[in-house]
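Student:
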Amino acid sequence: MNVTPASNATASTTSTSTPDVMTSPGNDASSIRNEFMTLMIAQIQNQDPTNPIDGTEYVSQLAQFSQVESLEYMRANQATSMVMMENLAIVQSAQLVGKTAMVPASELELDDVAVEGKVYLENSAESLSIDILDDQGEVVRTIELGSQEAGDVAFTIDPEALELPAGEYSIEANITADDVTETADTFIAATIEKVHFVSASGVMMAELANGLGTVSVLEISEVS
1 MNVTPASNAT ASTTSTSTPD VMTSPGNDAS SIRNEFMTLM IAQIQNQDPT
51 NPIDGTEYVS QLAQFSQVES LEYMRANQAT SMVMMENLAI VQSAQLVGKT
101 AMVPASELEL DDVAVEGKVY LENSAESLSI DILDDQGEVV RTIELGSQEA
151 GDVAFTIDPE ALELPAGEYS IEANITADDV TETADTFIAA TIEKVHFVSA
201 SGVMMAELAN GLGTVSVLEI SEVS
């Protein structure tokens with residue numbers, strides 16, 4: 001007769017969570033192997049002597065067990081590899097702290113320090129300008145960059161030179177080509193102040209200065 005230890009009985013009555021089958025005791029490769037061998041020995045001992053089990057059935061059962069055991073080892077190895085990859089990602093990303101990252105953004109906070117940015121042009125433009133809007137959505141300054149070739153075009157927002165008080169702003173890049181005006185994607189540079197790993201999504205996040213908030217490191221286009 002099997003007797004359940006008191007400690008286990010207490011745990012089962014006080015816990016409401018369901019244990020993970022793959023990580024519960026008794027589901028590792030060693031336990032599965034022992035259970036399989038016990039069942040096979042019992043099967044051999046209790047077979048009908050006048051009608052013994054075909055040996056090929058044992059071979060088939062061993063093959064099936066081997067597959068189950070291999071899958072269990074693969075699962076364990078994958079779990080170990082994921083932990084190692086997470087730790088490596090954390091160590092590598094920690095080296096980003098203090099560096100400057102360029103990320104897609106159209107909103108920022110200005111103080112008395114100049115902010116670098118860039119515009120990505122898919123095609124050449126006859127003219128390119130950067131509108132700076134205040135927190136009310138009103139254009140307060142415009143930076144004229146003239147005609148530009150396709151690719152990245154750098155710009156600088158200098159609050160002192162542009163006489164912009166500290167506060168929240170947004171920017172909009174306007175390109176004109178063949179008498180048609182469109183907007184283009186803008187990027188803003190900011191210091192990486194902190195990085196952290198989100199286990200649920202498996203994504204490393206970076207907290208940036210200049211009011212850019214938190215972004216995925218996958219959104220960073222360049223680091224300097």
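Position 177, counted from 1, in the sequence shown is what my numbering calls 177; the numbers after and before it change by one each time, with no gaps.
Backbone N, C-alpha and C fix where the C-beta goes; we use that ideal spot for every residue, glycine too.
Just to check my reading of the structure: tyrosine 169 and aspartate 112 have Cβ atoms closer than 8 Å, yes? What is that Cβ distance to the nearest angstrom?
Tutor: Going by Cβ atoms, the distance from tyrosine 169 to aspartate 112 rounds to 14 Å, so no, they are not a contact pair.
Student: With DSSP as the reference, label asparagine 77 as helix, strand or coil.
Tutor: helix
Student: Would you mind sorting lysine 99 into buried or exposed? The rule is 16 or more other CB atoms within 10 Å of its CB.
Tutor: Under a 10 Å Cβ-count criterion, lysine 99 is classified as exposed, with fewer than 16 other Cβ atoms of the shown protein chains found around its own Cβ.
Student: Could you say which of Ile220, Ile175 and Pro165 lies nearest to isoleucine 192 if we only look at CA atoms?
Tutor: For isoleucine 192, the closest of Ile220, Ile175 and Pro165 by C-alpha to C-alpha distance is Ile220.
Student: Would you be able to state if there are at least three C-beta pairs under 8 Å between the region 205–213 and the region 123–140?
Tutor: no
Student: Identify which residue in Leu121, Val223, Gly211 and Ser106 has its Cα closest to the Cα of phenylalanine 187.
Tutor: Ser106
Student: Whose C-beta lies closer than 6 Å to the C-beta of alanine 154 among residues of the same chain, with five residues either side of it excluded?
Tutor: Lys118
Student: Would valine 140 pass as a contact of leucine 212 if the rule is Cβ separation under 8 Å?
Tutor: no
Student: According to DSSP, threonine 211 sits in a beta bridge with which residue or residues?
Tutor: The question names threonine, but residue 211 in the sequence shown is glycine. In DSSP, glycine 211 forms no bridge with anything.
Student: Is proline 159 buried or exposed, if buried means 16 or more other CB atoms sit within 10 Å of its CB?
Tutor: buried
Student: Enumerate, from N- to C-terminal direction, the unbroken beta strand (DSSP E) stretches of 3 or more residues contained entirely within the region 158–188.
Tutor: The region 158–188 contains these whole beta strand (DSSP E) runs: 167–177.
Student: Taking the C-alpha atoms as reference points, what is the distance between glutamine 95 and asparagine 210?
Tutor: 20 Å
Student: Buried or exposed: which applies to leucine 110, given that a residue is buried once 16 or more other Cβ atoms fall within 10 Å of its Cβ?
Tutor: buried
Student: Measure the alpha-carbon distance for serine 70 versus phenylalanine 36 and round it to whole angstroms.
Tutor: Taking the straight line joining both Cα atoms gives about 14 Å.
Student: Tell me the DSSP secondary structure of glutamate 122 in three-state form.
Tutor: coil
Student: When we look at the beta-carbon of glutamine 67 and count the other beta-carbons within 10 Å, is it buried (16 or more) or exposed?
Tutor: Glutamine 67 is exposed by the Cβ-count criterion.
Student: Rank Gln78, Ile175, His196 and Leu218 by C-alpha distance to the C-alpha of tyrosine 120 and give the top, closest one.
Tutor: Ile175
Student: Could you check what DSSP says for glutamine 148 in three-state terms: helix, strand or coil?
Tutor: The DSSP-derived three-state label of glutamine 148 is strand.
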